[in-house]
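Numbering (our numbering) for the sequence shown: 70 to 479.
A virtual CB, placed ideally from N, CA and C, is assigned to each residue, including glycine.
So the structure is just underneath, and the comments pick up after that.
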Amino acid sequence: MEWSKNYTNVVWLDSNGHRGNYSSFEACLAVGRSREFSGLEELRKHFAHQSDWLFGYFSYDLKNQLEDLDSHNVDGIGFPDLYFFQPLKIIILDGDQLRFLYLEAGADDIEKDFEAIVSLMGEDDTSNSNTSPVPIKMRIHKDAYFEKANRFLEHIHRGDIYEANFCQEFYDQDVQIAPLETYKKLNSISEPPFAAYMRLGERYLMCASPERYLRKQGEKVISQPIKGTAPRGKDADDDLRIREQLAQDEKERAENIMITDLVRNDLSKSAIKGSVEVEELCKVYGYKQVNQMISTITSRVNSSVNPVDLITETFPMGSMTGAPKISAMKIIETLEETKRGLYSGAVGYFDPEGNFDFNVVIRSILYNEKNRFVSYSVGSAITAKSDPEMEYQECLLKARAMRSVLDEEV
Numbered sequence: 070m071e072w073s074k075n076y077t078n079v080v081w082l083d084s085n086g087h088r089g090n091y092s093s094f095e096a097c098l099a100v101g102r103s104r105e106f107s108g109l110e111e112l113r114k115h116f117a118h119q120s121d122w123l124f125g126y127f128s129y130d131l132k133n134q135l136e137d138l139d140s141h142n143v144d145g146i147g148f149p150d151l152y153f154f155q156p157l158k159i160i161i162l163d164g165d166q167l168r169f170l171y172l173e174a175g176a177d178d179i180e181k182d183f184e185a186i187v188s189l190m191g192e193d194d195t196s197n198s199n200t201s202p203v204p205i206k207m208r209i210h211k212d213a214y215f216e217k218a219n220r221f222l223e224h225i226h227r228g229d230i231y232e233a234n235f236c237q238e239f240y241d242q243d244v245q246i247a248p249l250e251t252y253k254k255l256n257s258i259s260e261p262p263f264a265a266y267m268r269l270g271e272r273y274l275m276c277a278s279p280e281r282y283l284r285k286q287g288e289k290v291i292s293q294p295i296k297g298t299a300p301r302g303k304d305a306d307d308d309l310r311i312r313e314q315l316a317q318d319e320k321e322r323a324e325n326i327m328i329t330d331l332v333r334n335d336l337s338k339s340a341i342k343g344s345v346e347v348e349e350l351c352k353v354y355g356y357k358q359v360n361q362m363i364s365t366i367t368s369r370v371n372s373s374v375n376p377v378d379l380i381t382e383t384f385p386m387g388s389m390t391g392a393p394k395i396s397a398m399k400i401i402e403t404l405e406e407t408k409r410g411l412y413s414g415a416v417g418y419f420d421p422e423g424n425f426d427f428n429v430v431i432r433s434i435l436y437n438e439k440n441r442f443v444s445y446s447v448g449s450a451i452t453a454k455s456d457p458e459m460e461y462q463e464c465l466l467k468a469r470a471m472r473s474v475l476d477e478e479v
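Pasting the structure below:
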């Protein structure tokens, strides 16, 4: 990652040692740009004719191109709706192997680059960043949060929606941070399975996501939504008690099951008939900062399906919207105060076989170096059983890692 600092197009994906049934590599670095794609149809046409390694993201506001929706809220970061690039150089860490996948034009650089990377091993610039704490501001203050949460509840009681993910932004302006060092600190706090660092010119993502949005592995498609969060315990016994309590929590299970049903419906749009399956329902996993309730839904698709269509049929992910999805997104736009942008979107890659893997951009810090603007957002699901005070406290729990990193170092 230190070696990648000289490139303006960088994506780093890190599983932090988490291995599951659908894991790919341990970590991957993509740098440089041969080709780029910034339009949905352009991307779809590309995969209709050929497949390459492409790295990039889908912003949450891509929804405005997929449905009759819009967004006019404040946006301090300014990521375009989508962006992908074909890297000049890809380095994959998998087990005891380091694989260099370079375009032919850069193949002669492999030995030189490897030596440069080895020479940097053991060095860490984290403590050398010349930065100061960021005085984070709240976009929605506590009283306003309660008022908005109650308006979501009114929509639920009227039957407009069953559930909505209500997010709020924390931000500061006219600040300077060290993005790579900030990412390394954030990642070390959480060590999640879907961590990502991305630099695209002056825009940066530092992501410690525990959640997978969508993966295609051969003919199989996998989605693993998270709904249900609880803190870690003080010790092993306390942690077990909290996990059992979360697993049996009626409100948290209802949230998860509603989104699982939404994902089943989304996957069925391209699935081979009868292939949609819930492999895990409401299973609790422990991460470094929090316990999370996760479900795993899978389907099978024909090899002729364009991978971009699998994205557009399921995006944005139900865990960040609500149910019914379009109604929830319309209400979200009226009650939230910022444009989500890359937050609630997805970062990942397509490979030459037409497979892909994308996370959900949560537990993340966004930074626009040119605008000197830094931001992170958190949210929780509002359902009929929600207590606004409890939802507010859940947001603060999710914000803890980002806040501690920025308070400490940026």
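Strand pairing of residue i, partner residues [DSSP]
i    : result
Y171 : K158
K206 : Y240
R268 : V79 and Y273
K342 : Partner(s): none; K342 has no beta bridge.
Q314 : Answer is none; Q314 lacks a bridge partner.
R284 : I291 and D426
E513 : The shown model of the chain, from 70 to 479, leaves out residue 513, and the question about it has no answer.
T367 : I291 and E346
D163 : Q166
N360 : A299 and G355
F153 : F106 and G125
V143 : T407
F263 : S278
Residue interval of the alpha helix (DSSP H) (run including residue i)
i    : result
R113 : L109 to H118
A323 : E319 to S337
A213 : K211 to R227
S188 : I179 to L189
I380 : P376 to T381
Y252 : P248 to S259
L131 : Neither: L131 is in no alpha helix (DSSP H) and is coded neither H nor E.
Length of the line joining the Cα atoms of residue i and residue j
i    : j    : result
S257 : K303 : 19 Å
G297 : D229 : 22 Å
Q134 : T381 : 10 Å
D121 : N424 : 10 Å
K338 : Y126 : 22 Å
N428 : Q166 : 24 Å
F442 : S373 : 43 Å
E232 : P385 : 15 Å
D330 : L283 : 15 Å
G270 : K342 : 44 Å
R227 : Q462 : 26 Å
P261 : R301 : 14 Å
S292 : D139 : 26 Å
V244 : L151 : 26 Å
L222 : T251 : 37 Å
M420 : D178 : First, the residue type needs correcting, since residue 420 is Asp and not Met in the sequence shown. Their Cα atoms are separated by approximately 22 Å.
S93  : P279 : 15 Å
R113 : L379 : 11 Å
E111 : R310 : 50 Å
D129 : G410 : One point to set straight first is that residue 129 is Tyr, not Asp, in the sequence displayed. Distance between the alpha carbons of Y129 and G410 is about 5 Å.
V100 : D308 : 40 Å
G448 : E402 : 14 Å
L220 : G86  : Leu is not the amino acid found at residue 220; the sequence shown has Arg there. Their backbone Cα atoms lie some 42 Å apart in a straight line.
L82  : C97  : 5 Å
Q155 : V79  : 11 Å
V479 : Y273 : For V479, the predicted model reports a pLDDT of 36, less than 50, meaning its position is unreliable and no value from the coordinates is stated.
E348 : D318 : 20 Å
C236 : R281 : 19 Å
H118 : I363 : 36 Å
S73  : D212 : 44 Å
L350 : K181 : 48 Å
M327 : L189 : 48 Å
S433 : V370 : 32 Å
T390 : T77  : 32 Å
Inter-residue CB distance, residue i and residue j (contact presumed, cutoff 8 Å)
i    : j    : result
I366 : E136 : I366 to E136, Cβ: 22 Å. No contact.
I205 : L475 : 6 Å
S491 : P457 : Missing from the structure shown is residue 491; the chain here goes from 70 to 479 and no further.
L170 : I161 : 7 Å
Y412 : V430 : 6 Å
D144 : K320 : Not quite, the Cβ-Cβ distance comes to about 32 Å (not below 8 Å), so this is no contact.
P376 : F116 : 6 Å
V416 : S368 : With a Cβ gap of about 22 Å, V416 and S368 do not count as contacting.
V359 : L466 : 7 Å
S259 : A470 : 5 Å
Residue range of the beta strand (DSSP E) that includes residue i
i    : result
A99  : A96 to V100
E105 : R104 to F106
I451 : F442 to I451
Chain C within 7 Å of residue i, Cβ atoms only
i    : result
K296 : Reference to chain C is not applicable here, since this structure consists of a single protein chain.
* Which runs of the alpha helix (DSSP H) spanning at least 4 residues fall entirely within the region 386 to 436, listed in chain order? -> The alpha helix (DSSP H) runs of length 4 or more contained entirely in the region 386 to 436 are, from start to end of the chain, 394 to 404.
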